[in-house]
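If you're matching positions, the sequence shown starts at 1 in UniProt numbering and goes up one per residue. Glycine included, C-beta positions come from ideal geometry on N, C-alpha and C. Have a look at the structure below before the remarks.
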Amino acid sequence: MTGARILIVDDDELLCEMLASLFRMSGYEVTVAHDGEAGLTKLAAEGADLIVLDLVMPKMDGLRFLRILPERIAQPPRVIVASASATPEMDKKLGQAEIAAVVRKPVKPALLLATVAEALEKPTGG
């Protein structure tokens, strides 16, 4: 789904720049937010087809973002969680959220692009 809109929500500014460049070179439109609050604000204002979400961020972490998302957005976009946090407790919490995929940081660009393409092919909400 080239031309799809991707919202990157991650507090690592350098990583956001690198991911935004990767996605733009692959034909996607990209918006960036550096915490969950800013991500929800940008999503409400600009929309997105897919969110690439970090879990550990200031102000609002990724788990809280996932809980609030369906309350703020009637039909939330697909979400890919990209995180270095790989604990059993975190995996359990993620299993309770509606997400399209989880990728572990550091993620290889080819794997991330394939995961994004696959997630965009899935129906919204599953």
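- Taken atom to atom, the span from the alpha-carbon of Gly-3 to that of Ala-117 is near 11 Å.
- Of all C-beta pairs linking the stretch 65-79 to the stretch 26-33, fewer than three are shorter than 8 Å, placing the two stretches out of contact.
- Beta-bridge analysis with DSSP links Val-103 to Ala-82.
- Residue pairing by DSSP puts Glu-29 in a beta bridge opposite Arg-5.
- Residue environment for Pro-106: exposed (fewer than 16 other C-beta atoms within 10 angstroms of its C-beta).
- With a 10 Å radius around the Cβ and a threshold of 16 neighbouring Cβ atoms, Leu-55 comes out buried.
- Assignment of beta-bridge partners to Ile-51 by DSSP yields Leu-7 and Val-79.
- For Glu-37, the CB contacts under 7 Å within the same chain, skipping 5 residues up- and downstream, are Lys-59 and Met-60 in chain order.
- Taking a contact as a CB-CB distance under 8 Å, the pair Ile-51 and Val-32 does not count as one, their CB atoms being some 11 Å apart.
- Distance from Cys-16 to Ile-6 at the Cβ level is roughly 11 Å; contact not present, criterion being Cβ atoms closer than 8 Å.
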